[in-house]
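Worksheet for the structure shown next.
Numbering (this note's numbering), first residue to last: 615 to 1060.
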């Protein structure tokens, strides 16, 4: 304007300062028109080269343009995800300026909290801009500056994108059978902010790699925890794998399901009811009324390994339990005992830390006891002898309803000279018979 023009009376010249281009769009060949008193057309028109000067005055490198900022990272950009762009500064002829002019770059827009942008120079004049996506979704501007003049800009749409590295699948390493299991899938973007509207898939595999019925499924979103949550319960002990799939990415974690898990000496031992063992010695002794037995218990984990440290183990019939003794050398628990004297079928139970682990249904039977039974004889006159037998079981209880007899043997003979059935007495708890040998002599009765 006229106000910008100054007159130098000494040199009889007019001078006009020309501002540098505000941005790269202002570079190039410009026409400077000179008019007097606003008369048009201008009586003088000259060409002026407008460019961005970088460097000390008199030795500037003139920048006329820049190539478009080109992304080399995934597009669209994700919040807080790594981003890379390349560009080249150009001279008047459009050739790359190979000298490093040390441009700077920054994010601009209304989001705030912008990350820094690093600018690196390489051979051939290529500049690489490295940054991360702004934390707020939306459209942001990435600008490259040379000597404070914007020489390249790019409108960058930024969205929330799933981050595999920062997202996670969480669940306990073990859970009791039939107990609720909390599976939590935390899906976040590159900034760690929760992502809504995803459709992750969850399924559970058994030890053979087979997917359990009712899976896969999409878990529901839990607002308070900002996570996708699934709460199943598994009725069968075993080793399982919980698998979550999100946008083709897979998370997995193993899970031990057992009747109980022991926490011993800093180690967790999921106890297997299927692999642990209850045995008796002598064989069958626990299934006889009044029988003396020893119960042996071996605890194993889900892999079948014997649990090598002791814990509280109680064994017994029904709810009548007693503490078993730990044998560290054999890594087993023992308890000697005597079977009850009643009950046709009894449950022999093993509890571990108060949790019922094993139960063996025993069909009970009676067994005679020679030490507790009696065999007597009395003379009945002449050669007649009355024999009496009181058979008892291991509980010392008279055993009626048997078929018994008494045999007489001559001394040294294995062949009985007589065989007489014993009759069970009416009101008396015994069996008796009167035997009259054919001849006098010494006999053995059996």
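All residues carry an ideal CB built from backbone N, CA and C; glycine is no exception.
Assigned with DSSP and collapsed to three states, residue 619 falls in coil, not helix or strand. Beta-bridge analysis with DSSP links residue 934 to 931. Residue 638 sits in a helix when the DSSP states are folded into three classes. Contact between the segment 633–644 and the segment 668–682 is established, with three or more Cβ pairs separated by less than 8 Å. Residue 865 places its beta carbon less than 7 Å from that of residue 783.
Secondary structure of residue 670 (DSSP, three-state): coil. If you draw a 10 Å sphere on the C-beta of residue 704, you find 16 or more other C-beta atoms in it, and that means buried. About 14 Å separates the CB atoms of residue 898 and residue 910; that is not less than 8 Å, and the two are not in contact.
In the structure shown, residue 691 adopts extended strand secondary structure according to DSSP, grouped into three states. In the structure shown, the three-state DSSP call for residue 899 is helix. Contact between the segment 867–881 and the segment 827–839 is absent: fewer than 3 CB-CB pairs across the two stretches fall below 8 Å. Between the alpha carbons of residue 845 and residue 778 lies a distance of about 23 Å. Within the same chain, and ignoring the five residues on either side of residue 664 in sequence, the residues whose Cβ sits closer than 7 Å to its Cβ are 635, 640, 641, 642 and 644.
Following the DSSP letters along the chain, one finds residue 1012 in no beta strand (DSSP E), marked with neither H nor E.
By the Cβ criterion, the segment 756–764 is not in contact with the segment 784–796, since fewer than three pairs of Cβ atoms, one from each stretch, lie closer than 8 Å. Among the bridge pairs identified by DSSP, residue 914 is matched with 920. Taking all protein chains in view, the Cβ of residue 1049 is crowded by 16 or more other Cβ atoms within 10 Å, so the residue is classified as buried.
The DSSP-derived three-state label of residue 653 is coil. If you draw a straight line from the Cα of residue 746 to the Cα of residue 684, it is about 15 Å long.
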